[in-house]
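Data block below; observations after.
Number of protein chains: 2
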Amino acid sequence: MFLFCFRTRRGSILSKLHIWFLFFVAVKAVSVNGVWPMPQKISSFVERYSVTPQTFTFQYTPGSVAQPGCSVLDAAFKRYFKLIFPDLLRQPGESYYVRPLASPFTVQVGVSEGNCDGYPSESSKESYRLSVSSGLAAVSAETVWGALRGLESLSQLVYQDDFGVYYINKTEIEDFPRFAFRGLLLDTSRHYLPLNAILETLDAMSYTKLNVFHWHIVDDPSFPYQSKFFPDLSNKGAFHPMTHVYTQGDVRRVIEHARLRGIRVVPEFDSPGHTQSWGRGQPDLLTPCYRGDVPSGTFGPVNPILSSSYQFMAKLFKEVTSVFPDSYLHLGGDEVNFNCWKSNPDVRAFMKTMGFGSDFSRLEAFYVEHMVNISTALNRTSIVWQDVFDYHEKIPKDTVLEIWKGLPPAYAQEMSHMTKAGYRVLLSAPWYINHIRYGQDWRDSYTVKPLNFSGTEEQKKLVIGGEVCMWGEYVDATNLSPRLWPRACAAAERLWSDEDQTSSADKAFPRLTDFRCRLLRRGIRAEPLFVGHCEQEFQGL
Amino acid sequence: MFLFCFRTRRGSILSKLHIWFLFFVAVKAVSVNGVWPMPQKISSFVERYSVTPQTFTFQYTPGSVAQPGCSVLDAAFKRYFKLIFPDLLRQPGESYYVRPLASPFTVQVGVSEGNCDGYPSESSKESYRLSVSSGLAAVSAETVWGALRGLESLSQLVYQDDFGVYYINKTEIEDFPRFAFRGLLLDTSRHYLPLNAILETLDAMSYTKLNVFHWHIVDDPSFPYQSKFFPDLSNKGAFHPMTHVYTQGDVRRVIEHARLRGIRVVPEFDSPGHTQSWGRGQPDLLTPCYRGDVPSGTFGPVNPILSSSYQFMAKLFKEVTSVFPDSYLHLGGDEVNFNCWKSNPDVRAFMKTMGFGSDFSRLEAFYVEHMVNISTALNRTSIVWQDVFDYHEKIPKDTVLEIWKGLPPAYAQEMSHMTKAGYRVLLSAPWYINHIRYGQDWRDSYTVKPLNFSGTEEQKKLVIGGEVCMWGEYVDATNLSPRLWPRACAAAERLWSDEDQTSSADKAFPRLTDFRCRLLRRGIRAEPLFVGHCEQEFQGL
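This is the structure:
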């Protein structure tokens, strides 16, 4: 029996002798270790067990706090059975190989906390242990969310040989995420994304252990969120009031689909900029711009000088927080253009009254402070884009700042400043994967070092994670999946795995190539990394 | 009745008064002129006729040479009926609006040549006239291929109002292509493309009037063409000998699908380079490379010093020309690396015998000359990549040269040289649309001026057209459609339409945006050009 382990953070535990065995085993059974993202600690053995759908079952560990009836795990068992045996999805008439003398294989799942009806949160423990031995895979975790991560890893350990027989190797995994917040942003305003596209994205997120869906649901071009209190926002602000909206039922479906996969849904209602579509259904919300002494007929950001604006936002956010259970709320706050405010005589008069001089960023800070207060009163942690920190360093300390600007030196400096000021930070600047370029641009995402900035250990701990952003200027349901996958997997591994074990994009390449074929097999239209093929190709529509 | 016309090559025929009418009409009925690529001459009127599937029929003009039984047009009538009325494809249960008193509308199609069972060729006339009046659309053309182009334009004239009623406006079109050769290259070697992906591409090509499918069918990574004479080429050279191959039946299906759409299929069997996959199934075909005095175990281009190589190629091309009816055959000839030839002592000895000195491009020329002779003997016009001209200016004058290298000044110079030497030229350098970049890169393709090189009128006439190339390094069926469409439409308009009428990408933008929605409606996964929406979005899988 040949043991091989990946290097831990502290260095190799392998003797030179073992390294030769490792080489041999790795060549013989390359697909055995195809867990993406790379677990913190994995030991794989050449001993392997054949498994077949006829005798493969999921059970709760006898001592587990969660037992049958646990919504999250019941659904996961069903789901992962299909993911482990994708051949069952073949057309009727096609057969698959059945082992005549198959011995039973049981997946036992146990958790020590039984919150099956709750939602994953910022403090959810996602660590798990997975032990695969003869006839048994044991997944143990503190929480059901950790158990989900273990089931995902388990599902990736199963592979088929050339005869179609399914195998799993003896394996020991001890795993936990590097960062608690591993997000993916979809923009449903620049293009409307049909519900299916969002649900499929959540599926693929769970395959790569991303755990926060940042729903940039509205913006300048359209307002597809169908509000209970303000139905005109989508009636007049959506691309179409019936076909291009998310109903309350749609939103619930997204949240539940995400919950069952251990994914948080953090909505963003960006203001005061990026709100052109809001103005169509909410008269007087936006600032009227002036040309000289007369209104030009165009509108700018939310009007920050009217109390009605704040009343509206408070009521909208009250609704939003009743719909979205997550404790985080994204308030936006980016890219506010001051020209319209400057042009408006009432705004200028207000500036004078408030003693803001000609510094419109103080007006912006004034507005955002109100928003953060509304959010806090609703018991939410606010996330804002970095712009808010850049113009207003005194926002409440429990606000989370999201960095989206610049290249490595620039965002590293920003991280340094923000964490020095004591703020928690989310990094998305290097993961704007809507920016495409020819070639293997996943490598750019992969080689990011999120903690490579000057700061103390305490400062580093303030980096709660990062986000892959897929802005919608050039993306809708026609190209979303192949642009997201497998490119987003690179950031997913960076945010989950140990950086020392996963520093080489070249070493990651064959693993990601395999994982991409697995995504295809699961129905995700993941594009190729480079020349080659998958056993089962995407067959078109 | 307000008349508006597009500017002809000779200048505006509109008075200032008419321009105001034009503006009014254009605003009122923007979708009326959505024919892509822009016809050479189109007059649209505000008079419009409602049409409905209940009373919409296709007929042959009484005097037409083609009559019922004409395979190309019979199939086209059936196809265009569905394309004109896509609502008929809706799920059962969904209804569409039916006009209570619909009057009949007949499309009459007449041609003066009746070659319904033939193949489109380099000399096929694609011009047509289309006249839409009350109850009647008359399409007249010399050939069935021209009639197909007319039917395509007709299908794009039909639009729906907000109530779902279908309309077509009174219209006169006189149209013909600027270039006879308007190609699209797919690479099925770097990734295998399932048959469906190829057939769908042919569908979309016909919507945008591209008329040559350049099938780069084999290359280094894989040999998916299942040869009758040499089955080992795909048995050993394909990614998989059963699932990743094109059988003879598959190839016939592609050719027939293309024929019915007026599309030529030009196969490329690129040699002597780009042949690594050939070597697996055809021992001794490739040159053994040497490290010092011993073979290194690797192989280079086709071995040009063995008569067996030429015998093999002659037999393969004999088969290929029996399978592919088009009079053109692409011989490749690009990117030949001389290192392996240089390393091989037998090749060096052959060079000495032949008096080639140390100029290996003379050896390459020697090889390509043989290929061109084989092709000529098989009654084919050879196409070769520009490299062949670059190293060997004396190839037969009826060879077509395809330019793929460089940016505007470079390829323009190459066109100038080649046409000066009397060769026919195909331009693909500016249309390598596998090269993606963030943003509206279709504009780069659109603003190409193929005849903007220094040369006489006679030289310009030698430019027979161009090709959009979708090389397969990063492309398979997961992302092919959204990368091709609508980006390839830009080149399609450049190759079909009058350059003076279509010089502005800004003016093309709304037309292409509309056309992209039409492609979506027809089931083509065409990606968005920019922020916005289509009435019917792609719904995902």
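From first to last, the protein sequence lines stand for chains A and B.
The numbering of the first sequence is full-length UniProt numbering, which starts it at 1 and goes up by one.
The numbering of the second sequence is full-length UniProt numbering, which starts it at 1 and goes up by one.
Cβ atoms here follow ideal geometry from the backbone N, Cα and C, with glycine treated the same way.
Just so it is clear, the structure is predicted and the values come from calculations on it, not from any experiment.
Look up residue i in the DSSP assignment and give the residues it is bridged to.
i: ARG261/B; result: According to DSSP, which records beta bridges pairwise, ARG261/B is partnered with nothing at all.
i: CYS469/A; result: LEU185/A and TYR432/A
i: TRP215/A; result: LEU186/A and PRO267/A
i: HIS330/A; result: GLU268/A and ILE383/A
i: VAL425/B; result: LEU401/B and VAL463/B
i: GLN108/B; result: GLN59/B and ALA138/B
i: THR171/A; result: SER44/A and VAL132/A
i: LEU286/B; result: VAL302/B
i: GLN160/B; result: TYR166/B
i: TYR474/B; result: According to DSSP, TYR474/B bridges with nothing at all.
i: SER50/B; result: TYR167/B
i: VAL294/A; result: ARG291/A
i: ARG437/A; result: ARG437/B
i: TYR246/A; result: TYR225/A
Between the options, which lies nearest to residue i when the distance is taken from Cα to Cα?
i: ALA289/B; options: ALA258/B, VAL347/B, LYS236/B and ILE403/B; result: Note that residue 289/B is Cys in the sequence shown, not Ala. The residue with the shortest Cα to Cα distance from CYS289/B is VAL347/B.
i: ILE305/A; options: PHE360/A, PHE58/A, ARG424/A and ARG79/A; result: PHE360/A
i: GLU527/B; options: GLN501/A, VAL388/A and GLU473/A; result: GLU473/A
i: SER124/B; options: GLU493/B, VAL212/B, ASP162/B and LYS449/B; result: VAL212/B
i: ARG129/B; options: GLY357/B, ALA141/B, THR208/B and TRP341/B; result: ALA141/B
i: GLN156/A; options: VAL531/A, PHE85/A and ARG437/A; result: PHE85/A
i: SER446/A; options: PHE176/A, SER428/A and TYR60/A; result: The question names Ser, yet the displayed sequence has Tyr at residue 446/A. Of the candidates PHE176/A, SER428/A and TYR60/A, the one whose C-alpha sits nearest the C-alpha of TYR446/A is SER428/A.
i: LEU329/B; options: ASN303/B, SER382/B, GLY357/B and PHE350/B; result: SER382/B
i: GLU493/B; options: ILE255/B, ARG483/B and VAL468/B; result: VAL468/B
i: GLY63/A; options: THR55/A, TYR49/A and GLN108/A; result: GLN108/A
i: SER222/B; options: HIS274/B, VAL425/B, TYR60/B and ARG443/B; result: HIS274/B
i: GLN226/B; options: HIS240/B, GLY357/B and ASP220/B; result: HIS240/B
i: PRO177/A; options: ARG511/A, VAL448/A and LEU495/A; result: LEU495/A
i: THR478/B; options: ASP232/A, GLN54/A and LEU520/A; result: LEU520/A
i: ALA488/B; options: THR143/B, PHE453/B and ILE524/B; result: ILE524/B
i: PHE163/A; options: PRO482/A, SER44/A, PRO267/A and SER50/A; result: SER50/A
Give the range of the alpha helix (DSSP H) segment to which residue i is assigned.
i: VAL323/A; result: 307-323
i: residue 561/A; result: Here chain A has residues from 1 to 541 only, and residue 561/A is not among them.
i: LYS352/B; result: 345-354
i: CYS489/A; result: 487-496
i: ASP444/A; result: 442-446
i: HIS240/A; result: Segment: none, HIS240/A is in no alpha helix (DSSP H) and carries neither H nor E.
i: GLY455/B; result: It is not in any alpha helix (DSSP H) - GLY455/B carries neither H nor E in the DSSP assignment.
i: ILE84/A; result: 71-84
i: SER375/B; result: 360-377
i: THR201/B; result: 195-207
i: PHE515/A; result: 505-521
i: TYR119/A; result: Looking at the DSSP string, TYR119/A is not in any alpha helix (DSSP H), and its letter there is neither H nor E.
i: LEU484/A; result: 480-484
i: GLU414/A; result: 408-420
i: GLY279/B; result: 276-281
Starting from residue i, trace the beta strand (DSSP E) in both directions and tell me its first and last residue.
i: TYR225/A; result: TYR225/A -> no beta strand (DSSP E), and no H or E assigned at all.
Applying a beta-carbon distance threshold of less than 8 angstroms, which residues of chain E neighbour residue i?
i: GLU527/B; result: In summary, chain E is missing from the structure at hand, where the protein chains are A and B.
> At a Cβ cut of 8 angstroms, what residues of the region 215-233 of chain A count as close to chain B, listed as they run along the chain?
Replying inline: PRO221 and SER222
>> Which residues of the region 434-446 of chain B have a Cβ closer than 7 angstroms to any Cβ of chain A? Give them in chain order.
In response: HIS435, ILE436, ARG437 and TYR438
> So does the region 368-375 of chain A actually touch the region 312-332 of chain A, counting three or more Cβ pairs closer than 8 angstroms?
Replying inline: A contact exists between the region 368-375 of chain A and the region 312-332 of chain A.
> Taking contact to mean at least 3 C-beta pairs separated by less than 8 angstroms, is the region 282-297 of chain A in contact with the region 192-201 of chain A?
Replying inline: no
> Should the region 451-464 of chain B be called in touch with the region 448-462 of chain A, which here means at least 3 C-beta pairs below 8 angstroms?
Replying inline: no
> Can you list, in chain order, the residues of the region 319-335 of chain A whose Cβ is nearer than 8 angstroms to any Cβ on chain B?
Replying inline: none
> If contact means a Cβ-Cβ distance below 8 angstroms, which residues of the region 464-476 of chain A contact chain B?
Replying inline: GLY472, GLU473, TYR474, VAL475 and ASP476
> Between the region 195-209 of chain B and chain A, which residues of the former have CB atoms less than 9 angstroms from a CB of the latter, in chain order?
Replying inline: LEU195, ASN196, ALA197, LEU199 and GLU200
> So, do the region 435-445 of chain A and the region 401-410 of chain A have three or more beta carbon pairs nearer to each other than 8 angstroms?
Replying inline: no
> Going along the region 237-259 of chain B in order, which residues come within less than 8 angstroms of chain A, judged by CB to CB distance?
Replying inline: For the region 237-259 of chain B, which is checked against every Cβ of chain A, the residues closer than 8 angstroms are PHE239, HIS240, THR243 and HIS244.
>> For the region 478-499 of chain A, list every residue whose C-beta sits within 7 angstroms of some C-beta in chain B, in sequence order.
In response: THR478, ASN479 and PRO482
>> I want to know whether the region 506-515 of chain B touches the region 503-519 of chain A - three or more CB-CB distances under 8 angstroms.
In response: no
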